[in-house]
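Each residue of the sequence shown is one higher than the last, beginning at 1 in full-length UniProt numbering. Backbone N, C-alpha and C define an ideal beta-carbon position, used for all residues, glycine too. On a predicted model such as this, the values are computed, not experimentally measured, just so you know. A short worksheet on the structure shown next.
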Amino acid sequence: MSEPAFALDNPSREFQLKSAYLFHFAELTQWPAMGPITICLRGDSPIRHFLPALEGQKIEGNIVHVLLEPPATLEACNILFVGDIDELKPRLFEQARAAHILLVGDVDGFAAQGGMVQFTLRDNKLKLVVNLGSVKSADLKLSSKLLRMAEIIE
1 MSEPAFALDN PSREFQLKSA YLFHFAELTQ WPAMGPITIC LRGDSPIRHF
51 LPALEGQKIE GNIVHVLLEP PATLEACNIL FVGDIDELKP RLFEQARAAH
101 ILLVGDVDGF AAQGGMVQFT LRDNKLKLVV NLGSVKSADL KLSSKLLRMA
151 EIIE
């Protein structure tokens with residue numbers, strides 16, 4: 001199994017890579033209904049400095065939008081990055097599944113708690129953990145290309 005192995009020499013590089021990954025997740029995820037892609041941020045995370053670079057880019061003709069403040073309803077999001085452990089509440093996971101939102105985070109244990117894609121650092125390298133059960137329960141499909149890069153949990 002091939003895994004991403006990007007050495008991280010400084011924290012800003014880490015969050016720049018995570019931001020780029022979110023764009024690629026949007027390319028490699030199939031939602032029940034396609035249209036403009038909205039990437040949202042919930043919680044405080046340095047990724048907020050890198051997400052604006054994704055605004056206005058296109059994926060298969062669909063424009064990418066970035067919301068740095070959580071919208072009133074999560075249904076506005078296709079991808080929600082959770083950057084703060086205080087935001088991890090069971091209701092958040094339930095809402096994301098019901099609204100077909102790809103829930104991504106970098107908090108320890110995120111995928112095991114019900115998150116869908118977790119960034120983790122191992123040996124100073126960025127790795128992915130995918131909770132396939134959570135992804136399927138949200139009626140999302142991840143490309144095999146993405147799944148090959150990740151550690152899979154159910």
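- With a threshold of 16 other beta carbon atoms within 10 Å, N124 falls short and is exposed.
- Per DSSP, reduced to three states, the secondary structure at G133 is helical.
- Taking 8 Å as the upper bound for CB-CB distance, A138 and R91 are not in contact here, some 15 Å apart.
- D106 and N62 have their C-alpha atoms spaced approximately 26 Å apart.
- Each residue's CA atom was taken as its position, placing F110 and I153 some 12 Å apart.
- Note on geometry: alpha-carbon atoms of F23 and L68 lie some 15 Å from one another.
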